[in-house]
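Notes for the one structure printed next.
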Amino acid sequence: MVDEGLAAPAGSALVRVLADDSRWIDELPPVPAGHVVTVAIGSTAQRAVSDDALAATGYRIVGPQPATSLPTAIELLVPGSLMAADPAWWSRLLGVADQAFDLRLGPVQMVMGNHLPVHLDA
18 MVDEGLAAPA GSALVRVLAD DSRWIDELPP VPAGHVVTVA IGSTAQRAVS DDALAATGYR
78 IVGPQPATSL PTAIELLVPG SLMAADPAWW SRLLGVADQA FDLRLGPVQM VMGNHLPVHL
138 DA
């Protein structure tokens, strides 16, 4: 379970997108203005994305995933406020996602809680 001192923003989701190389950023819809989505990576190839490309699209790499993650996937923490503000963007993101985990659900928090600190400490 996630450390009680760390809490994901209300209604958040953890989203996995398969990403075998640095082209993953091209698959993701740009984050709407005024929002940032944090990204945990699983391999060095995924980090080979330019900082300019990240800044231009609203994504920010915050660190490595826990060892229990898929090394061929990136994990995004999407705040509930962003999903509510732009449901069309959220739908486009889900279209490229391999998995999405609703963090409002207790069992999901129990299983995925160790994936959150890298995002929440950033």
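To convert, take the position in the sequence shown, counting from 1, and add 17; that gives the numbering used here.
C-beta atoms are modelled at their ideal positions from N, C-alpha and C, and glycine is treated no differently.
Computed from a predicted model, the values in this text were never measured in an experiment.
Secondary structure of Val113 (DSSP, three-state): helix.
Straight across, the Cα-Cα distance linking Gly97 with Ala27 is about 6 Å. Distance between Leu93 and Asp43, taken at the CA atoms: about 15 Å. With at least 16 other beta carbons inside 10 angstroms of its own, Arg33 counts as buried. Beta-bridge annotation (DSSP): Gly80 is paired with Ala57. Judged by DSSP secondary structure, Ala70 falls within the alpha helix (DSSP H) whose first and last residues are 68-74. In the DSSP assignment, Val135 falls within the unbroken alpha helix (DSSP H) covering 134-137.
In the DSSP assignment, Leu93 falls within the unbroken beta strand (DSSP E) covering 90-95. Residue burial is scored here from C-beta neighbours: Gln116 has fewer than 16 other C-beta atoms within 10 angstroms and is therefore classed as exposed. Under the DSSP definition of a beta bridge, Asp119 partners with Ala30.
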